[in-house]
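Sequential numbering of the sequence shown, starting at 148, is according to this note's numbering. Read the structure below first, then the notes.
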Amino acid sequence: MMSKSKISSVEAYLTQGCGRCSHYSTPQCKVHLWTKELIEFRRIVLSCGLTEEIKWSMPCYTHKGKNILIISAFKNYASINFFKGALIQDPQGILAKAGENSQSARLLKMTNYTEIIRQEDHIRAYIFDAILVEETGLKVETKPISDQNIPESLQNLIDNNPEVATAYAALTPGRKRSHIIYISGAKQTATQERRAIQCIEKIL
Numbered sequence: 148m149m150s151k152s153k154i155s156s157v158e159a160y161l162t163q164g165c166g167r168c169s170h171y172s173t174p175q176c177k178v179h180l181w182t183k184e185l186i187e188f189r190r191i192v193l194s195c196g197l198t199e200e201i202k203w204s205m206p207c208y209t210h211k212g213k214n215i216l217i218i219s220a221f222k223n224y225a226s227i228n229f230f231k232g233a234l235i236q237d238p239q240g241i242l243a244k245a246g247e248n249s250q251s252a253r254l255l256k257m258t259n260y261t262e263i264i265r266q267e268d269h270i271r272a273y274i275f276d277a278i279l280v281e282e283t284g285l286k287v288e289t290k291p292i293s294d295q296n297i298p299e300s301l302q303n304l305i306d307n308n309p310e311v312a313t314a315y316a317a318l319t320p321g322r323k324r325s326h327i328i329y330i331s332g333a334k335q336t337a338t339q340e341r342r343a344i345q346c347i348e349k350i351l
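Printed below as a string of structure tokens:
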């Protein structure tokens with residue numbers, strides 16, 4: 148896998164890929180599947196006055212130092228990922244959760260650059276709304292960690308290991324939630340138990 152630090156520009160991202168997997172700079176790289184769509188997204192985003200950077204090996208766009216959105220490629224679509232998309236008005240009904248457990252981010256998915264051009268005015272309106280959300284200091288009200296159901300496999304580790312219990316209690320809510328989501332994502336009990344054990348080192 149290529150070092151993330153070697154992706155230093157959006158031009159390199161568009162021509163070579165993100166470098167986050169073994170498909171870097173090959174026809175199988177997801178970036179190459181959606182180059183035209185990503186270029187259109189980039190054009191629209193830059194027209195809204197955002198600052199272009201590379202973060203997490205992807206084009207990231209900021210406003211006064213605050214992250215607003217990322218453009219990225221997935222297997223089945225190109226997307227704009229709004230960091231605080233849950234707070235954006237969505238009159239067109241085109242935003243989707245970034246994942247089943249996502250509370251803040253929302254994706255605007257496209258599979259055809261001509262559709263992006265057709266929706267350009269709507270996309271730009273969403274971007275300006277995202278900037279306004281950041282300007283006004285709005286924050287997503289995330290579900291408290293106490294409201295999450297801690298998997299039994301993790302709870303057993305906490306109950307039976309004081310060192311793990313102490314370390315877990317000291318984690319930030321976001322870190323706790325990430326472990327809960329990872330473990331709960333497994334359907335079988337045995338897999339959940341295995342994931343819980345894998346989390347011990349990170350918790351400690």
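Using N, Cα and C, we set each Cβ at its ideal position, and we do this for glycine too. A quick note: this is a predicted structure, and the numbers were derived from the prediction, not measured.
Taking a cut-off of 8 angstroms for Cβ pairs, the stretch 182-197 and the stretch 229-242 do not touch, as fewer than three such pairs fall below it. Collapsing the DSSP output to three states places C207 in a strand. Here the stretch 309-322 does not lie against the stretch 269-283, with fewer than 3 beta-carbon pairs under 8 angstroms apart. For L242, the pairing in a beta bridge is given by DSSP as L255. Note on P298: 16 or more other CB atoms within 10 angstroms of its CB, so buried under the neighbour-count rule. At a Cβ-Cβ threshold of 8 angstroms, S156 and G164 do not count as neighbours. The Cβ atoms of E340 and S300 sit closer than 8 angstroms to each other. Rounded to the nearest whole angstrom, the C-alpha separation of I215 and N307 is 42 angstroms. Straight-line measurement puts the Cα of S194 at about 14 angstroms from the Cα of L185. Listed in chain order, the non-local C-beta contacts of N228 below 7 angstroms within the same chain comprise L216, I217, S219, A245, A252 and L254, local neighbours out to five positions each way being set aside. Secondary structure at A277: helix, using DSSP grouped into helix, strand and coil. When the five nearest sequence neighbours on each side are left out, the beta carbons in the same chain lying within less than 6 angstroms of the beta carbon of T289 are those of Q250, in order along the chain. E199: member of the beta strand (DSSP E) spanning T198 to K202, first to last residue. For I264, the closest alpha carbon among the candidates K183, S331, T283 and E310 is that of K183. About 6 angstroms separates the beta carbons of S204 and G166, which is inside the 8 angstroms limit, making them a contact pair. The residue among I154, F230, K222 and E200 with its C-alpha nearest the C-alpha of K177 is K222. A straight line joining the alpha-carbon of M257 with that of I305 spans about 43 angstroms. Under the DSSP assignment, A159 falls outside any beta strand (DSSP E), being part of the alpha helix (DSSP H) whose first and last residues are V157 to Q163.
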